[in-house]
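Engineer: Okay, so the sequence shown: first residue is 1 according to UniProt numbering, each after it adds one.
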Amino acid sequence: MTRTWHHAHAALSLDRCLVMAVVNVTPDSFHDGGRWIVESRSRPNVSVVVGQCRRWVEQGADILDVGGESTRPGADPVDEATELARVLPIIEALRADPALASVPISVDTRHAVVARQALKAGAAIVNDISGLADPAMAEVVAATGAGLVISHLRGEPATMQARVQFDDLLGEIADELEQAVARALAAGVAREQIVLDPGIGFGKTGAQSAALVAASEFLEARCGFPVLIGASRKRFLGVLAGDKPVEERELASVVAAVVAAAHGAAVVRVHDVAQTVEALRVASGISAALADSRSKLR
1 MTRTWHHAHA
11 ALSLDRCLVM
21 AVVNVTPDSF
31 HDGGRWIVES
41 RSRPNVSVVV
51 GQCRRWVEQG
61 ADILDVGGES
71 TRPGADPVDE
81 ATELARVLPI
91 IEALRADPAL
101 ASVPISVDTR
111 HAVVARQALK
121 AGAAIVNDIS
131 GLADPAMAEV
141 VAATGAGLVI
151 SHLRGEPATM
161 QARVQFDDLL
171 GEIADELEQA
181 VARALAAGVA
191 REQIVLDPGI
201 GFGKTGAQSA
211 ALVAASEFLE
221 ARCGFPVLIG
231 ASRKRFLGVL
241 AGDKPVEERE
251 LASVVAAVVA
261 AAHGAAVVRV
271 HDVAQTVEAL
281 RVASGISAAL
291 ADSRSKLR
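Quick look at the structure:
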């Protein structure tokens, strides 16, 4: 059966693991904060960002995820006006670029006001790390037909690491995601619009985050929705790799993406697009060759 993810402009096939490229236009994200910012702390360099996004798409990115608020542990919130000033020029420019016309744009935001304006500007998906904490978010998604990523998060980014106690990690995350899904469905969001994210690094210990990389099959079987895994460059990978700093976590991030895909992830959200796409293709080719060999056994 073909799996699809419906968004505001079309539908994406989930017959293979999709690659979502991280486009952070923030001064303080944990990996690439400030990379695209010029002149002030609120204005991104639009032409540089668009050029990089073109390269990512050429390398195989399926989705571009634009975010204007850092959600790293302990991050301070930004007001909606600042967030809009960061993301809208990028989304508008990406949507106007003929080379990117068919590439869905996701807006990474917790705020319905930002989501609404981003969708008007040409975004097709809302990536909400708060799990619909804004009561109006589900209504915005329902009204526009946007794709929706519902993430698991307890509390706010500034305080989430104080709430890492779980008696049953996978069961409790599934329960809480199902509660958010129920709110989305009640607001009129269609099931085909929804993808779930267990919130790796968001109110989780390193060991919990590591376990969640391989949890997609369980979560999809339990909740009934495809799963996105976002482990790229996160601290727990640096620890597992031997206390690597964020700029040296590329290999660990690619390995995590391959493991996630092997365990059923429908989408992986990554910083290192070319390396991830190549690794996923190789892993898929090996799996296909093994399956073919087994089918010929007598």
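We put the beta carbon where it would ideally sit given N, CA and C, even for glycine.
Here the structure is a predicted model, which is why all the values come from computation and not from measurement.
#1: Quickly, what does DSSP pair I286 with across the bridge? List them, please.
#2: Which same chain residues end up closer than 7 Å to P89 when comparing Cβ atoms and leaving out the 5 residues on each side of it in sequence?
#3: Specify, as a first and last residue, the run of the beta strand (DSSP E) that G238 falls within.
#4: Which residue wins for smallest C-alpha separation from residue 310, given the options E83, P226 and V164?
#5: What are the complete beta strand (DSSP E) segments, minimum 3 residues, inside the segment 104–156?
#6: For A138, is the classification buried or exposed, using 16 other Cβ atoms within 10 angstroms of its Cβ as the cut-off for buried?
#7: By Cβ distance, which residues of its chain are closer than 7 Å to V189, with the 5 residues on each side in sequence left out?
#8: If G145 and A8 are in contact, beta carbons under 8 Å, what's the gap, nearest whole angstrom?
#9: What residue range is occupied by the uninterrupted beta strand (DSSP E) comprising G67?
#10: Give the single residue among R110, V246, G285 and R269 whose Cα lies nearest to the Cα of A61.
#11: May I ask you to list the residues that DSSP assigns as paired with R3?
#12: Over what stretch of residues does the alpha helix (DSSP H) that includes R183 continue unbroken?
#13: Quick one, which of Q161, E178 and A184 has its alpha-carbon nearest D134's?
#14: Mapping DSSP to helix, strand and coil, what is R191?
#15: Within this structure, are the beta carbons of T26 and R86 separated by less than 8 Å?
#16: Can you have a look at P98 and say buried or exposed, based on whether 16 or more other CB atoms are within 10 angstroms of its CB?
#17: Ignoring anything shorter than 3 residues or poking outside the segment 44–102, list the beta strand (DSSP E) runs there in chain order.
#18: Between which residues of its own chain and C223 is the CB-CB distance below 8 Å, once the five residues before and five after are set aside?
#19: Put A252 into one of helix, strand or coil per three-state DSSP.
#20: Give the single residue among R191, F202, Q275 and Q208 whose Cα lies nearest to the Cα of D167.
#21: What does DSSP give as the partner residue(s) for A21 in the beta ladder?
#22: Pull the bridge partners of I229 from the DSSP assignment, please.
#23: Within the continuous alpha helix (DSSP H) that includes A211, where are the two ends?
#24: In terms of DSSP beta bridges, what is A11 paired with?
#25: Using only the alpha-carbon positions, how far apart do T205 and K296 sit?
#26: Taking the Cβ atom as the reference point for each residue, do A231 and A211 lie within a distance shorter than 8 Å?
#27: How far does the alpha helix (DSSP H) with F218 in it extend, from its first residue to its last?
#28: Round the Cβ separation of L219 and V227 to the nearest angstrom and send it over; I've been treating them as touching at under 8 Å.
Structural biologist: From the atom records:
#1: Paired residues: none, contrary to the question.
#2: P44 and V46
#3: Looking at the DSSP string, G238 is not in any beta strand (DSSP E); the run it does join, the alpha helix (DSSP H), is R235 to L240.
#4: Residue 310 cannot be examined here, being either before or after the span of the chain that is shown, 1 to 298.
#5: 105–108, 125–128 and 147–151
#6: buried
#7: If we look at V189 and ignore the five residues flanking it on each side, its Cβ neighbours are A138, V141, A142 and L148.
#8: 5 Å
#9: For G67, the enclosing beta strand (DSSP E) begins and ends at I63 to G67.
#10: R269
#11: Per DSSP, none; premise fails for R3.
#12: L169 to A186
#13: A184
#14: helix
#15: Going by C-beta atoms, T26 is nearer than 8 Å to R86.
#16: exposed
#17: Within the segment 44–102, the complete beta strand (DSSP E) runs of at least 3 residues are 63–67.
#18: A174, L177, E178, V181 and L196
#19: helix
#20: Cα-wise, what sits closest to D167 is Q208.
#21: L64 and V270
#22: V268
#23: G206 to V213
#24: Per DSSP, H6.
#25: In a straight line, the C-alpha of T205 is about 44 Å away from that of K296.
#26: no
#27: S216 to C223
#28: Rounded to whole angstroms, the Cβ separation of L219 and V227 is 5 Å, and the two are in contact under 8 Å.
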